[in-house]
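Below: one structure, written as structure tokens.
Residue numbers (full-length UniProt numbering): 1 to 590.
Have a look at this one:
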């Protein structure tokens, strides 16, 4: 039964893609339903698979030898991933209803966009599912690459200038990340003569240059995880992408980088070298820097989805710091990882519902306004750790740190949560400023409501190991909840202080523009050299043409002479024969 579900989870998206192709070529335009129930069901087998129990599959005939597994890590990861993909698909059905109506009326551009989305959405899902269950390098990398490149269609969907810029930034960083990951895998797998992710972890521990292998893999997966310096695609891609695409990009696809770290780094390994521990310290600093810097920069953004993108960078910075603790203090990792998985799952559903909420505020239903805005705020309040699953997930990571006496990190994470509260407050304020009435439908707000509920109740449905997560003691609630009101206060004060600067704002993408300037500056002399080479080429072409013309003139004259000789050869030979005969006769007379 479980093997059948696995096959269904991996093959069902292909059936969905086949149905999309059939619609494009066989169904009449007026009857094409790009978001049919079949399309919505692409992630349902994967969601069921996460709840049937643990299992392992070995397939020697699959590429270099496949090993897939459902274990205590991959099951909850698959559960929240498949759930968010399912909810985002339902939300997409409502979100794209107007565009689908245009396509059914014969709009060729709308048909092209929706067909591309209908094809590559399930393919992106398939890659995401495969990388979660994979335990061999080839399957993991295949799933990661398929997910990465197929998701380009989700970002570029609208085709606007902003969408093309966001998609370009996404693709450039994606190619860079894939190259780093591939280099790290080839190096570590070659050193240990292994094809499994477990072997990669052992190779990093035992190899002489293991820290450099870890650095390559950390940076490669860091592109997806939004590590500081490589995060620039997030605030450019999210404002341009449709809300359902932003939900899965920031909710689950960004977590692929986090899962990559957990899968390949020797977290919790008792024999971690001093160099790897030092690398963990650098990773810890980078994570905390992202958590604070993204919060400070993000609150000044105008677009609510840009603010939420910086919130994702900040939250992923906290998760980066927690992963780094597996290298810095290996003994804390066995206690820490269940809380980190809950943190990731809660962030996925909360951030997914926040991104879906941006489309709700753009098309407000005819409900009581206080109710709508309270519902829009709930995931953000939970994300800051003040209520629901946010409260439990914060305790899930703080309790092990308390037990192992890492109080300094707890304080830093608490202040980072202040930044989270400020960011979600700023995002909600921007949504309020840009709100519009009407246009939503039941699929759109229904999926959003379910996502909000799932985010608040994450510990109840996430299949984590029994007893790994507990409710925080009542005396700890204040220590977990205080960042939210402080963050809201900071956001309000910041708005009052910067209110006179209404016409000025920091550009989304921050370092992207610096990178573009640096690359542009480097390319100036290269372009000048290229133009110089072009001019030299043009001059050489002109000179060569003139020389060719001169040579052809000489050859033409020679050909004319040759033609004259060919026509008069017999006469010349007769004259020569007569001359020779005359000379012989004259010589004979002498």
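We put the beta carbon where it would ideally sit given N, CA and C, even for glycine.
Nearest candidate by alpha-carbon position, reference residue 86, set 358, 201 and 447: When only C-alpha atoms are compared, the closest one is 447.
Simplified DSSP assignment, three categories, for residue 407: Annotated three-state conformation of residue 407 is helix, per DSSP.
Between the CA atoms of residue 194 and residue 173 - distance to the nearest angstrom: Taken atom to atom, the span from the alpha-carbon of residue 173 to that of residue 194 is near 28 Å.
CB-CB length for residue 81 against residue 252, believed under 8 Å: At roughly 5 Å, the Cβ-Cβ gap stays under 8 Å, so residue 81 and residue 252 are in contact.
Residue interval of the alpha helix (DSSP H) (run including residue 219): That run of the alpha helix (DSSP H) goes 210-225.
Range of the contiguous alpha helix (DSSP H) that encloses residue 369: Here the alpha helix (DSSP H) through residue 369 covers 369-383.
Contact check, residue 357 vs residue 376, beta carbons under 9 Å: Yes, these two residues count as a Cβ contact at 9 Å.
Cβ contact check for the region 214-234 and the region 484-498: 3 or more pairs under 8 Å: Taking 8 Å as the limit for Cβ pairs, the verdict is that the region 484-498 does not touch the region 214-234.
Own chain partners of residue 382 with C-beta closer than 8 Å, once the 5 adjacent residues on each side are dropped: So the list reads 346, 350, 388, 389, 390, 391, 455 and 456, once near-sequence residues are dropped.
7 Å Cβ shell around residue 554 - same chain, five flanking residues per side excluded: None.
Proximity test, residue 546 beta-carbon vs the ligand SAM heavy atom, cut-off 8 Å: This structure does not include the ligand SAM; it has no bound ligands of any sort.
Whole-angstrom distance between residue 19 and residue 344, CA atom to CA atom: Residue 344 and residue 19: Cα-Cα distance of roughly 33 Å.
Uninterrupted alpha helix (DSSP H) stretches inside the region 263-341 (no shorter than 4 residues): Correct list: 274-298 and 304-328.
With 16 other Cβ atoms within 10 Å as the buried cut-off, status of residue 119: Taking all protein chains in view, the Cβ of residue 119 is crowded by 16 or more other Cβ atoms within 10 Å, so the residue is classified as buried.
Buried or exposed (CB count within 10 angstroms, at least 16 for buried), residue 318: Classification for residue 318: buried.
Beta-carbon proximity check, residue 259 vs residue 137, cutoff 9 Å: No, Cβ-Cβ distance for residue 259 and residue 137 is not below 9 Å.
Cβ-based neighbour list, residue 267, same chain, cut-off 6 Å, excluding 5 preceding and 5 following: The residues are 326 and 333.
CB contact flag (residue 484, residue 339, <9 Å): Result no, Cβ atoms of residue 484 and residue 339 do not sit closer than 9 Å.
9 Å Cβ cutoff met for residue 257 and residue 287: Cβ distance not < 9 Å, so residue 257 and residue 287 don't count as in contact.
Beta-carbon proximity of residue 449 to residue 321, cut-off 9 Å: It is not a contact, given that the beta carbons lie outside the stated cut-off.
Three-state secondary structure (DSSP) of residue 68: Collapsing the DSSP output to three states places residue 68 in a strand.
Assigned secondary structure, residue 364 (DSSP; H/G/I helix, E/B strand, else coil): Strand, per DSSP.
8 Å contact criterion, which residue 52 and residue 38 should meet: CB distance rounded: 22 Å between Cβ atoms; not a contact.
When 397, 378 and 281 are compared against residue 336, the one with the closest alpha-carbon: Of the listed residues, the one whose Cα sits closest to residue 336 is 397.
Of the listed residues 440, 308 and 564, nearest to residue 98 (C-alpha basis): Nearest of 440, 308 and 564 to residue 98, Cα basis: 440.
Distance between residue 473 and residue 401 (C-alpha atoms, nearest Å): The straight-line gap separating the alpha-carbon atoms of residue 401 and residue 473 is approximately 15 Å.
Span of the alpha helix (DSSP H), counted from its first residue to its last, around residue 62: Premise fails: residue 62 is in no alpha helix (DSSP H) and is neither H nor E.
Boundaries (first-last residue) of the alpha helix (DSSP H) holding residue 589: Looking at the DSSP string, the run of the alpha helix (DSSP H) that includes residue 589 is 511-589.
Spatial neighbours of residue 147 in its chain, beta-carbon cut-off 7 Å, leaving aside the 5 residues before and after: So the qualifying residues of the chain are 124, 127, 128, 131, 253 and 256.
Identity of the residues DSSP links to residue 55 by a beta bridge: Within the DSSP bridge table, the entry for residue 55 names 70 as partners.
Buried or exposed by the 16-neighbour rule on C-beta atoms within 10 Å, applied to residue 202: Taking all protein chains in view, the Cβ of residue 202 is crowded by 16 or more other Cβ atoms within 10 Å, so the residue is classified as buried.
The region 102-112 / the region 226-240 touching (three or more Cβ pairs under 8 Å): The region 102-112, when compared against the region 226-240, does not touch it at the 8 Å Cβ threshold.
9 Å Cβ cutoff met for residue 40 and residue 32: Their beta carbons are not under 9 Å apart, which means residue 40 does not touch residue 32 by this criterion.
Rounded straight-line distance, which links the Cα of residue 101 to that of residue 309: Counting only the Cα atoms, residue 101 lies some 30 Å from residue 309.
Residue 487, buried or exposed, once every other Cβ within 10 Å from all chains shown has been counted against 16: Residue burial is scored here from C-beta neighbours: residue 487 has at least 16 other C-beta atoms within 10 angstroms and is therefore classed as buried.
Coarse secondary structure for residue 437, derived from DSSP in three states: Residue 437 carries a strand assignment under DSSP once its states are collapsed to helix, strand and coil.
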